[in-house]
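Notes to accompany the following structure.
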Amino acid sequence: MSEQVEDTPIDRGGYDFNAMQAKWRPVWEKLDPFKAKDDGSAERRYALTMFSYPSGDLHMGHGEVFALHDVVSRYWFQRGYDVLNPIGWDSFGLPAENAAIKRNEHPATYTYGNIETQAESIRRYALSFDWSRRLHTSDPEYYRWTQWLFLRFYERGLAYRKASFVNWCPHDQTVLANEQVVQGRCERCGHEVTKRELTQWYFKTTEYAQRLLDDMDQLEWPEEILLMQRNWIGRSEGAFTDFAVEGREEPIRVFTTRPDTLFGATFMVVAPDAKLAAELVTPDQREAFDAYLTAVKATTEIERLSTEREKTGVFLGSYAINPVTGERIPIWAADYVLADYGTGAIMAVPAQDTRDWEFAEKFGLPIVRTVQPPEDFDGQAYTGDGPAINSANAEISLDGLEVDEAKARIIDWLAGKGLGERTINYRLRDWLLSRQRYWGCPIPIIHCPSCGEVPVPDDQLPMELPDLRGEDLRPKGVSPLAAAREWVEVDCPKCGGAAERDTDTMDTFVDSSWYFLRYLSPDYTEGPFDPAVAERWMPVFQYVGGKEHAVLHLLYARFFVKALHDMGLLTAVEPFTRLLNQGQVINQGKAMSKSLGNGVNLGDQIDEFGVDAIRLTMVFAGPPSDDIDWADLSPGGSLKFLQRAWRLSHGVEAPVGADPSTGDVALRKVTHRTIADATELIESLRFNVMVARIMELVNATRKAVDSGPGAADPAVREAVEATAILLSLVAPYTAEEMWESLGHAPTVAKAGWPEVDPALLVEDAVTCVVQIAGKVKDRLEVAPDISDADLEQLALASDPVQKALAGRGVRKVIVRAPKLVNIVPA
Numbered sequence: 024m025s026e027q028v029e030d031t032p033i034d035r036g037g038y039d040f041n042a043m044q045a046k047w048r049p050v051w052e053k054l055d056p057f058k059a060k061d062d063g064s065a066e067r068r069y070a071l072t073m074f075s076y077p078s079g080d081l082h083m084g085h086g087e088v089f090a091l092h093d094v095v096s097r098y099w100f101q102r103g104y105d106v107l108n109p110i111g112w113d114s115f116g117l118p119a120e121n122a123a124i125k126r127n128e129h130p131a132t133y134t135y136g137n138i139e140t141q142a143e144s145i146r147r148y149a150l151s152f153d154w155s156r157r158l159h160t161s162d163p164e165y166y167r168w169t170q171w172l173f174l175r176f177y178e179r180g181l182a183y184r185k186a187s188f189v190n191w192c193p194h195d196q197t198v199l200a201n202e203q204v205v206q207g208r209c210e211r212c213g214h215e216v217t218k219r220e221l222t223q224w225y226f227k228t229t230e231y232a233q234r235l236l237d238d239m240d241q242l243e244w245p246e247e248i249l250l251m252q253r254n255w256i257g258r259s260e261g262a263f264t265d266f267a268v269e270g271r272e273e274p275i276r277v278f279t280t281r282p283d284t285l286f287g288a289t290f291m292v293v294a295p296d297a298k299l300a301a302e303l304v305t306p307d308q309r310e311a312f313d314a315y316l317t318a319v320k321a322t323t324e325i326e327r328l329s330t331e332r333e334k335t336g337v338f339l340g341s342y343a344i345n346p347v348t349g350e351r352i353p354i355w356a357a358d359y360v361l362a363d364y365g366t367g368a369i370m371a372v373p374a375q376d377t378r379d380w381e382f383a384e385k386f387g388l389p390i391v392r393t394v395q396p397p398e399d400f401d402g403q404a405y406t407g408d409g410p411a412i413n414s415a416n417a418e419i420s421l422d423g424l425e426v427d428e429a430k431a432r433i434i435d436w437l438a439g440k441g442l443g444e445r446t447i448n449y450r451l452r453d454w455l456l457s458r459q460r461y462w463g464c465p466i467p468i469i470h471c472p473s474c475g476e477v478p479v480p481d482d483q484l485p486m487e488l489p490d491l492r493g494e495d496l497r498p499k500g501v502s503p504l505a506a507a508r509e510w511v512e513v514d515c516p517k518c519g520g521a522a523e524r525d526t527d528t529m530d531t532f533v534d535s536s537w538y539f540l541r542y543l544s545p546d547y548t549e550g551p552f553d554p555a556v557a558e559r560w561m562p563v564f565q566y567v568g569g570k571e572h573a574v575l576h577l578l579y580a581r582f583f584v585k586a587l588h589d590m591g592l593l594t595a596v597e598p599f600t601r602l603l604n605q606g607q608v609i610n611q612g613k614a615m616s617k618s619l620g621n622g623v624n625l626g627d628q629i630d631e632f633g634v635d636a637i638r639l640t641m642v643f644a645g646p647p648s649d650d651i652d653w654a655d656l657s658p659g660g661s662l663k664f665l666q667r668a669w670r671l672s673h674g675v676e677a678p679v680g681a682d683p684s685t686g687d688v689a690l691r692k693v694t695h696r697t698i699a700d701a702t703e704l705i706e707s708l709r710f711n712v713m714v715a716r717i718m719e720l721v722n723a724t725r726k727a728v729d730s731g732p733g734a735a736d737p738a739v740r741e742a743v744e745a746t747a748i749l750l751s752l753v754a755p756y757t758a759e760e761m762w763e764s765l766g767h768a769p770t771v772a773k774a775g776w777p778e779v780d781p782a783l784l785v786e787d788a789v790t791c792v793v794q795i796a797g798k799v800k801d802r803l804e805v806a807p808d809i810s811d812a813d814l815e816q817l818a819l820a821s822d823p824v825q826k827a828l829a830g831r832g833v834r835k836v837i838v839r840a841p842k843l844v845n846i847v848p849a
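Given below as structure tokens:
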């Protein structure tokens with residue numbers, strides 16, 4: 024911004040951002056210009072920013088994401104679209120519950136107090152939200168429909184309950200989904216996660232694994248996010264293979280992506296926390312196994328999968344039979360195999376798998392190479408492709424075959440013998456949604472000794488939370504709801520006998536997996552949303568939010584929409600067409616934190632520089648997806664630029680409606696080129712460059728006023744009006760003040776996008792840079808449509824070029840008409 028604004032002290036000179044903010048906010052609230060019409064009068068566009076959590080006032084991250092989001096929505100308003108841009112809060116969750124325990128109050132007190140604080144700050148920040156659609160996920164009228172959706176999933180077999188080892192956060196005293204464990208720690212509080220066996224509720228996300236992959240073709244998302252989702256879903260093609268077990272009728276079924284290496288399977292490994300391990304351990308190995316299992320439970324999944332960790336394990340005392348060699352192979356329990364991947368057991372092929380090699384070497388197990396490594400291979404396990412070796416029995420030989428052909432042949436042979444089948448496996452696990460905390464949506468299931476699991480009837484929804492607060496909320500290893508006996512004990516809806524409510528609450532990601540649908544019809548009482556309204560607005564056209572939700576919220580929301588589509592409630596199969604992930608606002612090269620002493624308060628910055636300067640700084644800082652370091656930015660510079668733009672609007676002398684075609688052509692060309700560039704830049708989400716173009720237009724207009732045709736020229740009015748409209752996307756208070764000074768009624772937000780005259784985009788001449796060996800030797804003014812051949816001829820004929828060549832020949836000429844010629848001398 025230093026190129027646009029001289030380094031001088033701020034001189035407001037009549038520009039008073041506090042007065043502007045106080046003046047225009049009530050006007051906009053009265054006009055309510057951003058309310059969606061939904062009447063078919065214009066093409067619809069759904070703009071959405073990710074749910075805010077009300078943990079306190081807005082912070083710098085909010086300041087960035089809201090500023091970026093508002094560029095998109097305000098641009099659509101200017102283009103004449105019917106825009107849906109709602110606001111709400113993801114208001115259940117642990118922070119409010121922990122605060123309530125500390126303060127001895129109800130979580131709602133903390134939650135709704137913070138919501139009002141944020142709402143006030145959002146209104147001050149001048150965001151183009153439709154406040155008539157405001158919602159909070161902790162309102163009973165919202166979570167009534169979260170429960171209703173849960174029951175529809177339950178009816179379709181997509182919600183179920185099972186006992187298994189789960190991720191347990193000992194600090195927050197609740198289970199976590201795999202996606203909520205980051206490097207072995209709770210993504211919420213950072214404490215190390217352990218394993219615990221519990222009966223929990225799950226959503227069957229695995230049912231949609233392939234569709235979640237296939238439908239990515241419909242998404243205009245950053246490739247980084249799509250790759251993260253593909254890796255999390257983890258599709259693997261391979262085969263199930265059955266290994267007979269001595270003394271056991273049922274074989275062990277394993278999944279492998281490399282069935283061609285089956286002849287090299289010299290032992291088996293079972294996850295120690297899988298039920299299969301407990302079934303296979305022999306009495307003489309029970310004590311050793313139990314001790315090992317206890318040790319494994321104290322480790323995290325990340326630790327278990329670490330390639331740097333020394334392999335550990337225990338022999339279970341049982342043996343399996345390799346189905347192709349007929350050899351007796353030992354069965355071990357080892358923590359590098361996970362209970363919830365595949366069948367919880369693997370065939371170990373140490374010559375072709377690094378982990379198996381390390382395990383085999385440590386415990387003295389056989390190693391048989393079944394893929395021929397390259398001649399120069401000097402490693403241990405060879406994981407690459409190559410012809411099969413040592414892979415033959417009396418009925419089949421794979422020797423000499425390449426991997427794909429060997430796979431196909433062995434799978435066909437196994438299928439023919441009833442020993443296996445071709446299959447696809449996924450890394451994705453079902454979504455664990457139970458939480459042992461209070462401040463969440465209650466699970467609408469009643470447990471009856473006679474009837475089993477009984478859904479709460481729809482006409483009894485919402486099943487509201489009881490009134491607990493303070494110490495009653497303290498985690499005890501089970502949900503605090505379990506102690507609320509008057510609430511827990513109910514009559515069974517089916518038989519009328521004594522029964523109990525389920526005492527777990529839902530993961531808050533359930534609430535945020537469908538909130539964008541409730542926005543469509545927040546007062547609808549016949550269902551979670553009006554299907555006819557959803558037909559008109561879905562999918563969301565542009566979603567803006569952080570990439571930290573790549574395999575959490577975004578994946579869950581996609582699953583929800585697909586399930587609702589299958590229920591006939593939605594025609595859309597994806598929730599969000601386009602996705603913009605903003606970077607992080609850091610300070611002094613690091614994430615902001617109190618401990619580092621580098622925190623920056625958004626409210627303080629606004630008090631000092633004004634809303635518009637902060638918004639402009641956020642947008643101009645760099646590409647939206649990049650991190651921005653607040654220490655490197657200059658909100659003071661932004662304020663100076665806004666003053667310059669504002670002063671232009673007070674000096675325009677041409678009357679409203681003056682014909683710009685009679686004005687200065689040079690300035691008009693700059694204006695129309697700026698509008699055309701801004702359109703393209705916004706569509707491609709390059710907002711920072713768009714701001715730079717506005718700054719260039721302000722400079723050109725100032726020059727025209729001071730040393731050109733003057734303030735009375737209609738072209739000056741056209742340029743300043745265009746500046747006000749363009750600035751309204753990032754600096755709405757200043758833009759509105761400019762619009763009024765130019766003689767227009769509010770609001771500039773609905774002024775309409777300026778039209779571009781194509782004739783004014785045609786360049787009369789272009790400056791071509793001529794280089795010799797990369798060094799500039801001349802600049803030529805040429806026609807924009809000059810041919811490569813003509814431009815080359817002109818460049819070689821240039822006197823400075825001829826002088827620089829000094830008689831040397833030319834080896835090569837690189838022409839990029841009309842702007843560059845690079846000559847490579849002989």
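So in my numbering, spot 717 of the sequence shown is number 740, and the numbers just go up one at a time.
Positions of the beta carbon are idealized from the N, C-alpha and C atoms, including for glycine.
Close Cβ partners of residue i (< 7 Å) along its chain, the five nearest in sequence each way excluded
i, result
"TRP224", "ALA182, ARG184, LEU456, SER457, ILE466, ASP527"
"ALA42", "none"
"ASP39", "none"
"VAL94", "VAL642, ILE705, PHE710, LEU752, VAL753"
"ASP80", "THR140, GLN141, SER144, GLY626"
"SER96", "ALA70, VAL106, ASN108, SER151"
"TYR873", "Outside the displayed range of the chain (24 to 849) lies residue 873, so it cannot be described from this structure."
"LEU619", "LYS613"
Residue i, enclosing alpha helix (DSSP H) - first and last residue
i, result
"PHE57", "Careful: PHE57 lies outside any alpha helix (DSSP H) and carries neither H nor E."
"THR317", "309-320"
"THR640", "634-643"
"LYS663", "658-673"
"ASP514", "Not the alpha helix (DSSP H): ASP514 falls in the beta strand (DSSP E), residues 512-514."
Continuous beta strand (DSSP E) stretch holding residue i: start and end
i, result
"LYS440", "No beta strand (DSSP E) holds LYS440; DSSP gives it neither H nor E."
"GLU558", "Where GLU558 is concerned, there is no enclosing beta strand (DSSP E), although the alpha helix (DSSP H) it sits in stretches over 554-560."
"TRP171", "Looking at the DSSP string, TRP171 is not in any beta strand (DSSP E); the run it does join, the alpha helix (DSSP H), is 163-178."
"HIS470", "468-471"
Any non-hydrogen atom of the ligand NAD within 8 Å of residue i CB
i, result
"ASN190", "Of the ligands one can find in the structure shown there are none, so the ligand NAD has no counterpart to examine."
Residue i vs residue j beta-carbon contact at 9 Å
i, j, result
"ALA747", "MET251", "no"
"ALA368", "ALA301", "no"
"ILE637", "SER672", "no"
"ASP61", "ARG559", "yes"
"GLY568", "THR72", "yes"
Option in the options with minimal Cα separation from residue i
i, options, result
"VAL779", "LYS692, SER672, TYR756", "LYS692"
"ASP113", "ARG541, LEU236, PRO781", "ARG541"
"VAL268", "GLY336, ARG309, PRO353", "PRO353"
"ALA586", "LEU172, ASP525, LEU91", "LEU172"
"CYS474", "ALA521, ALA438, THR446", "ALA521"
"CYS209", "THR222, ASP195, ALA411", "ASP195"
"ARG452", "ALA699, GLY257, ASP801", "GLY257"
"GLU350", "GLY287, GLY387, THR406, PHE188", "GLY287"
"ASP650", "LYS570, ILE698, LEU602, GLU631", "LYS570"
"TYR342", "PRO274, VAL205, PRO373, ARG175", "PRO274"
Cβ shell of residue i (< 6 Å), same chain only, five flanking positions each side left out
i, result
"VAL838", "ASP811, LEU814, GLU815, VAL844"
"PRO683", "PRO737, ALA738, GLU741"
"PRO163", "PRO485, GLU487"
"LEU361", "ALA294"
"ASP700", "ARG716"
"VAL679", "GLY766"
Beta-carbon contacts of residue i that lie in its chain and below 8 Å, excluding the five residues immediately before and after
i, result
"PRO32", "Legend: pLDDT at PRO32 = 43, less than 50; position of this residue unreliable, no value from coordinates given."
Original post:
Quick one: complete alpha helix (DSSP H) runs, 4+ long, within the stretch 238-289?
Top reply: 246-256
Subject >> Segments assigned alpha helix (DSSP H), at least 4 residues, entirely inside the stretch 822-849 >> reply: 822-828
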